[in-house]
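Asker: Take the sequence shown: its position 123, counting from 1, is numbered 154 in the numbering used here, and each next residue is one higher.
For glycine and all other residues, C-beta sits at the position ideal for the given N, C-alpha and C.
My questions will all concern the structure given below.
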Amino acid sequence: MNQLSHIHQLKTFHSPVNLKKICKEAFFCCRCLRQIEFHENSALQTIEERAFTDTAVEEITFPSHLVKFGKNAFGVCKKLQKVDFSKSSELEVIVSRAFYKTLIKNLILPPSLIIIGESAFSGCLNLQRVDIDEKSEL
Numbered sequence: 032m033n034q035l036s037h038i039h040q041l042k043t044f045h046s047p048v049n050l051k052k053i054c055k056e057a058f059f060c061c062r063c064l065r066q067i068e069f070h071e072n073s074a075l076q077t078i079e080e081r082a083f084t085d086t087a088v089e090e091i092t093f094p095s096h097l098v099k100f101g102k103n104a105f106g107v108c109k110k111l112q113k114v115d116f117s118k119s120s121e122l123e124v125i126v127s128r129a130f131y132k133t134l135i136k137n138l139i140l141p142p143s144l145i146i147i148g149e150s151a152f153s154g155c156l157n158l159q160r161v162d163i164d165e166k167s168e169l
């Protein structure tokens, strides 16, 4: 039996502290996945294309070493309302459609961010406010 045969029933993902990358479509269409937890000292640097597309995640706090999201990484997460970045975030790139059709209402982007891709937040009909740090190079 495949070790991942029950992945679509997964409700919570606890990221190991030494995980550096979440690969393309790793949790694609895991519609029971509601919670993603990253260790405070997480080594995560990359979340690839469609890694969490169409999951039931409602909120997420990204670890500080995360540098890049892949295309549509959290697209069509129809319950995603809250996204937080660490104050010491190293995030540089949010690529196209990263948060396509989510329910995000407010967003505070980290000063390390230098690129927001085309349509990164398209279809986010509830998005009311985006704050960009005054030290940002955007």
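So is residue 114 buried or exposed if we call it buried at 16+ other beta carbons inside 10 Å?
Answerer: Numbered from 1 along the sequence shown, position 83 holds the residue referred to as residue 114. By the neighbour-count rule (16 or more Cβ atoms within 10 Å), residue 114 is buried.
Asker: With 8 Å as the threshold, decide whether the Cβ of residue 148 is near any Cβ in chain B.
Answerer: Looking for chain B here will not work: only one protein chain is present.
Asker: Can you tell which of 55, 42, 148 and 74 has its C-alpha closest to the C-alpha of residue 49?
Answerer: For the purposes of this step, residue 49 is identified with residue 18 of the sequence shown, where counting begins at 1. For residue 49, the nearest C-alpha among the options comes from 74.
Asker: On the DSSP bridge assignment, give the partners of residue 115 in chain order.
Answerer: Reading the sequence shown from its first residue, position 84 is the one you call residue 115. Note: residue 115 sits in a beta bridge opposite 92.
Asker: If the criterion is Cβ atoms closer than 8 Å, does the pair residue 154 and residue 126 meet it?
Answerer: Taking the first residue of the sequence shown as position 1, residue 154 is located at position 123. Taking the first residue of the sequence shown as position 1, residue 126 is located at position 95. No, Cβ-Cβ distance for residue 154 and residue 126 is not below 8 Å.
Asker: Measure the Cβ-Cβ separation of residue 133 and residue 111 and say whether it is below 8 Å.
Answerer: Within the sequence shown, the letter at position 102 stands for residue 133. Within the sequence shown, the letter at position 80 stands for residue 111. Contact flag set, yes.
Asker: So, with DSSP's three-state summary, where would you put residue 70?
Answerer: Walking along the sequence shown from the start, residue 70 turns up at place 39. Of the three classes helix, strand and coil, the one that applies to residue 70 here is coil, per DSSP.
Asker: Can you name the residues that DSSP bridges to residue 46?
Answerer: What you label residue 46 is simply residue 15 of the sequence shown in a count that begins at 1. Note: residue 46 sits in a beta bridge opposite 69.
Asker: To the nearest angstrom, how far is it from the Cα of residue 96 to the Cα of residue 71?
Answerer: Here residue 96 refers to the residue found at position 65 when the sequence shown is read from its first residue. Here residue 71 refers to the residue found at position 40 when the sequence shown is read from its first residue. Using only the alpha carbons, I get a separation of about 10 Å.
Asker: Spatial neighbours of residue 57 within its chain, please: CB distance less than 6 Å, with the 5 preceding and 5 following residues excluded, ordered by chain position.
Answerer: Position 26 of the sequence shown holds residue 57. Around residue 57: 82.
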